[in-house]
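To start, the structure under review is shown below, and the notes come after it.
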Amino acid sequence: MKNNKNVLIGIAIVSTVAILFSACRKINEATDLGGGLIPPIDNIKTFETFLEIETDNKLFNDSNKVYYSDAQALGYIGSDPEFGSTHADGYFNISYPNYMINPFVKSDSVVAIDSVILSLSYGGYYGDTNSLQTVRVYEIAQNAGFDDTTLFKYGHADFLTTGGELGSKTFQVKNIDDSILHIRKRDTTKLANIIRIPLTNLLGDRFKNYDTTNTANGAYRSDSIFKTLFRGLAVKADQSGNALVYFNPSDNAKSKLTIYYQVKRNGLIDTTSVDFVHATGGQANIINRTPGGGWNTYLANAGSNDDQVYLQSVPGSYALLKIPGLDTFGNSVIHRAEIIATPIRSSQDDIFKQPQAIFLDRVNAAGDTVSTFDSDMNLSNNYTNFTYDITSFGGLLKTDSTYRFNISRYVQHIVTRKNTNYPLRLYTPVRTFVYSPAYNAINQMYITDQPAYGRVVLAGGSYLNPAKRLRLRIVYSKL
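Numbering follows the numbering used here, with no gaps: position 445 of the sequence shown is 445.
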């Protein structure tokens with residue numbers, strides 16, 4: 001019994017030490033890492049405070065470029081009362097998948113061109129689905145400066161086109177995803193989420209006359225010769241309607257130029273087709289914003305602490321944030337530091353929805369480099385891009401209708417190590433190139449996947465209601 005008693009006492013001592021060690025470890029985690037564990041706010045040992053944030057609306061000079069696999073915006077928003085107008089056109093080249101094989105066999109065996117259809121893979125919309133959109137298709141000119149090796153910015157100038165309109169389509173946005181029956185001679189196919197634009201049969205006649213010879217007419221000999229004869233397609237939206245649609249030129253299953261034709265074989269007339277797809281680089285998505293409404297008013301004012309913040313996805317806007325109170329905040333244990341941004345109602349926000357996500361980074365003194373919050377983001381370097389934990393760092397709209405960014409470790413290093421209190425940038429990019437101090441490298445980060453999608457008006461740093469102002473919440477303990 002005595003031995004058992006000693007064993008129990010030993011276990012109790014070990015357990016007590018383990019509990020104390022665990023408690024100390026938790027305190028150290030809160031101290032060293034600046035977050036994760038938030039003790040109750042009792043105003044004796046643990047306190048809560050809010051620091052003011054100065055907010056300034058800015059026009060975003062976007063350097064994003066369009067990649068081969070990117071979704072493209074197409075359409076026109078003419079009456080967003082808060083942000084103004086948006087106009088988006090798409091450009092891409094096409095290729096023949098089987099060079100050195102003439103798809104028309106012998107051109108003199110082709111009886112007739114039935115039809116020429118440009119199909120675009122539909123991937124969603126932004127804006128008023130009841131609006132009617134008209135898009136027109138043109139041929140990109142050989143001297144347009146459009147090629148398959150350059151990545152073009154969203155703000156690039158329009159590319160020159162040649163000849164007349166190849167075809168057009170007017171559609172109601174809400175009906176695009178309806179299924180349609182595509183009936184050919186011996187084949188019936190149900191099509192959905194495809195925008196089908198009929199083009200002139202003259203384009204089919206032109207393609208029919210190309211061949212595989214090593215001459216200026218040998219479009220089917222190589223891709224380089226093909227592109228000297230046909231540079232690509234421009235899909236341009238009329239300035240009417242009130243929505244954008246999204247399509248993906250690189251979705252070769254749905255996006256393609258199809259020529260349907262009749263051919264005479266063994267004395268019989270047969271119907272067949274050939275597809276041309278976007279298979280290499282050579283794409284552009286030109287998006288022009290014209291500021292209007294409240295956004296234009298705030299861009300034009302001379303103040304540096306706006307009471308409202310206007311954010312729309314790239315190419316669009318950003319807000320510059322400054323937190324002067326951090327410079328004099330006493331040395332403390334930071335349990336939690338989070339920027340709180342509250343959306344406020346704006347005209348037609350039921351039609352023009354909020355962005356998929358918003359993003360926060362920090363700007364250096366020269367304004368020419370932006371950096372990550374490495375520790376707060378749980379940043380990883382995947383060589384081709386950085387990734388981060390958006391659920392813990394923030395950027396998604398929460399159930400309490402706020403955006404919250406956890407910058408606890410960043411604030412801890414400012415108050416303890418006297419690190420620089422940088423201006424911050426709040427915006428909603430498709431992707432952004434940022435510098436990581438931890439990796440000592442610049443790389444890209446993907447934030448959203450559709451350009452020009454989403455806008456939101458936030459209560460700014462001087463908003464009338466202090467409870468909704470864009471602010472920094474700090475939970476801390478004094479040292």
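Cβ coordinates follow ideal geometry from the N, Cα and C atoms, glycine included. If you're wondering where the values come from, they're calculated on a predicted model, not measured in any experiment.
Cutoff 6 Å; reference residue i; Cβ partners in own chain excluding five residues on either side
| i | result |
| --- | --- |
| residue 49 | 474 |
| residue 100 | 212 |
| residue 292 | 84 |
Those residues which DSSP pairs with residue i across a bridge
| i | result |
| --- | --- |
| residue 262 | 112, 271 |
| residue 464 | Residue 464 pairs with nothing; no bridge assigned. |
| residue 312 | 455 |
| residue 210 | Residue 210 is not bridged to any residue. |
| residue 84 | 80, 291 |
| residue 133 | 171 |
| residue 90 | 235, 285 |
Three-way DSSP call (helix, strand, coil) for residue i in this model
| i | result |
| --- | --- |
| residue 118 | strand |
| residue 229 | helix |
| residue 412 | helix |
| residue 521 | Past the edges of the chain, shown from 1 to 479, lies residue 521, and the structure says nothing about it. |
| residue 173 | helix |
| residue 160 | coil |
| residue 202 | helix |
| residue 57 | strand |
| residue 317 | strand |
| residue 196 | strand |
| residue 380 | strand |
| residue 361 | strand |
| residue 191 | strand |
| residue 325 | helix |
| residue 426 | strand |
| residue 332 | strand |
| residue 166 | strand |
| residue 34 | Residue placement at residue 34 cannot be trusted, given a pLDDT of 43 that sits under 50; what the coordinates show is reported in the next sentence. Coil, per DSSP. |
| residue 300 | helix |
| residue 63 | coil |
Within 8 Å, strictly: CB atoms of residue i and residue j
| i | j | result |
| --- | --- | --- |
| residue 436 | residue 386 | yes |
| residue 262 | residue 111 | yes |
| residue 448 | residue 308 | no |
| residue 260 | residue 425 | no |
| residue 361 | residue 430 | no |
| residue 315 | residue 152 | no |
| residue 170 | residue 132 | yes |
| residue 285 | residue 451 | yes |
| residue 479 | residue 331 | yes |
| residue 243 | residue 128 | yes |
| residue 376 | residue 438 | no |
| residue 402 | residue 323 | no |
| residue 352 | residue 80 | yes |
| residue 311 | residue 423 | no |
Close Cβ partners of residue i (< 7 Å) along its chain, the five nearest in sequence each way excluded
| i | result |
| --- | --- |
| residue 232 | 91, 92, 93, 94, 140, 146, 282 |
| residue 251 | 121 |
| residue 14 | Annotation note: pLDDT 41 at residue 14 (below 50); position unreliable, coordinate value reported separately. Here the set comprises nothing. |
| residue 327 | 421 |
| residue 296 | 84 |
| residue 203 | 116, 166 |
| residue 304 | 54, 56 |
| residue 461 | 52, 53, 54, 55, 305, 469, 470 |
C-alpha gap between residue i and residue j, whole angstroms
| i | j | result |
| --- | --- | --- |
| residue 65 | residue 367 | 21 Å |
| residue 343 | residue 55 | 14 Å |
| residue 210 | residue 277 | 17 Å |
| residue 135 | residue 271 | 29 Å |
| residue 477 | residue 465 | 28 Å |
| residue 246 | residue 300 | 31 Å |
| residue 25 | residue 39 | Low confidence applies to residue 25: its pLDDT is 36, below 50, so where it sits in the model is not reliable enough to give any reading. |
| residue 379 | residue 72 | 28 Å |
| residue 114 | residue 175 | 26 Å |
Other residues of its chain near residue i: CB distance less than 8 Å, five sequence neighbours each side excluded
| i | result |
| --- | --- |
| residue 234 | 89, 90, 91, 137, 138, 139, 140, 159, 161 |
| residue 217 | 209, 210, 211, 229 |
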